[in-house]
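If you count the sequence shown from 1, position 81 lands on 81 in UniProt numbering, and the numbers rise without skipping.
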Amino acid sequence: MIRKQRTKYTNVPERIDEDRLEQWIHEYGHDLKWLAYSYVKDYAIAEDITQETFIKAYQKYSTFKNESTVKTWLYKITINACKDHLKSSYMKRVIKKGTEIFRSIPSTRETPEELIMQRDEDEALVAHVLKLEHKYREIIILYYFEEFDIKDLANVLIISPNTAKTRLRRARQLLQERLTSEGSSQSE
């Protein structure tokens, strides 16, 4: 009986998938965690959802049809995982509020006072965004923070491009109204 020897290339497809997964984690991990946090408002749960996203993407990559970018596909998986979590019985029993803010990288040219003022403004803006109704919050986050274009927004949210434009315009109006009303109430 002749035995076939295993070559060093036996596990190549599996290795390619692991390398791809590592690349996705490096490229999109922080952004997906921030996106999940914007939905669930709990850092630990956002981390779990992000991890779940990568596990699902790894397991289901063979079903990815390249009809969109990998980034769009990962965002769609994350959004669906967030929506599933928010609909779960756990969320109906326990409501948690998170206070951590991602992406606070200060500039070295600013004074400590300017850094504190900028951080306060950033936190206030993020707080206002997080208080928006779900459909407006997600569109603002994806458009401004994640820099999706209208076509990708529509694809991720499973809406038409015109609906995406309308929601974005309405979300901007709501934010402007809230920021303007807060500014006028603080000056009194």
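Backbone N, C-alpha and C fix where the C-beta goes; we use that ideal spot for every residue, glycine too. Predicted model, so just to flag it, every value in this text is computed and none were measured.
Proximity of residue i and residue j at Cβ, strictly below 7 angstroms
i, j, result
"residue 168", "residue 141", "no"
"residue 82", "residue 144", "no"
"residue 150", "residue 171", "no"
Through-space distance from residue j to residue i, alpha-carbon basis
i, j, result
"residue 73", "residue 116", "37 angstroms"
"residue 131", "residue 53", "25 angstroms"
"residue 121", "residue 127", "10 angstroms"
"residue 174", "residue 124", "15 angstroms"
"residue 88", "residue 68", "28 angstroms"
"residue 43", "residue 34", "9 angstroms"
"residue 28", "residue 71", "7 angstroms"
"residue 49", "residue 166", "29 angstroms"
"residue 18", "residue 179", "45 angstroms"
"residue 20", "residue 158", "26 angstroms"
"residue 119", "residue 79", "27 angstroms"
"residue 23", "residue 181", "43 angstroms"
"residue 59", "residue 162", "33 angstroms"
"residue 147", "residue 66", "20 angstroms"
Candidates the options, of which the one nearest residue i by Cα
i, options, result
"residue 46", "31, 60, 59 and 58", "31"
"residue 25", "41, 42, 43 and 57", "57"
"residue 63", "151, 77 and 153", "77"
"residue 86", "134, 171 and 119", "134"
"residue 152", "55, 75 and 20", "75"
"residue 176", "66, 162 and 129", "129"
"residue 137", "37, 66 and 160", "37"
Any chain D beta carbon closer than 7 angstroms to residue i
i, result
"residue 84", "The structure shown contains no chain D; it is built from a single protein chain."
Quiz prompt | Within the segment 113–173, ranges of the alpha helix (DSSP H) (whole runs, at least 4 residues) | solution = DSSP runs (the alpha helix (DSSP H)) wholly in the segment 113–173: 134–140 and 150–157.
Practice problem: Entirely within the UniProt domain "RNA polymerase sigma-70 region 2" (25–88) and at least 4 residues each: give me those alpha helix (DSSP H) ranges in chain order. | Solution: 43–60 and 70–87
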